[in-house]
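Participant:
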Amino acid sequence: MNDTDIRKAMVAGVERLTAWSELLDRINVFPVADGDTGRNLVISLAPLRRTDGEPKILARELLFSARGNAGNI
Numbered sequence: 021m022n023d024t025d026i027r028k029a030m031v032a033g034v035e036r037l038t039a040w041s042e043l044l045d046r047i048n049v050f051p052v053a054d055g056d057t058g059r060n061l062v063i064s065l066a067p068l069r070r071t072d073g074e075p076k077i078l079a080r081e082l083l084f085s086a087r088g089n090a091g092n093i
């Protein structure tokens, strides 16, 4: 795998997560059934959709976009 392959895999992962986010909202009940786990993960990982950019900037964007317990873990 090279850098391009890894970036494509990250984008594909976020797209798959987005497709399943409503289901995650419904089924996740730990620690509480707050109904936003899927949405929080989509928001938290949104910076991965951009395939360009500096890794350090991406890491910072991921840190600041994190939402909820799932996004921060």
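According to this note's numbering, the sequence shown is numbered sequentially starting from 21. Positions of the beta carbon are idealized from the N, C-alpha and C atoms, including for glycine. These figures come from a predicted structure and were not determined experimentally.
1. Please report the residue range of the alpha helix (DSSP H) in which residue 93 lies.
2. Output the boundary residues of the alpha helix (DSSP H) element that contains residue 60.
3. Let me confirm a value: residue 68 is counted as buried when at least 16 other C-beta atoms fall within 10 Å, else exposed. Which label applies?
4. In chain order, what residues of the same chain lie with their CB nearer than 6 Å to the CB of residue 90, ignoring the 5 residues before and after it?
5. Just to confirm before moving on: does the CB-CB distance between residue 65 and residue 34 stay below 8 Å?
6. Identify whether residue 69 lies in helix, strand or coil by the three-state DSSP scheme.
Facilitator: Reading from the atomic positions:
1. Taken as a continuous stretch (DSSP letters only), residue 93 belongs to no alpha helix (DSSP H), as it is neither H nor E.
2. 57 to 65
3. buried
4. 57, 60 and 61
5. yes
6. helix
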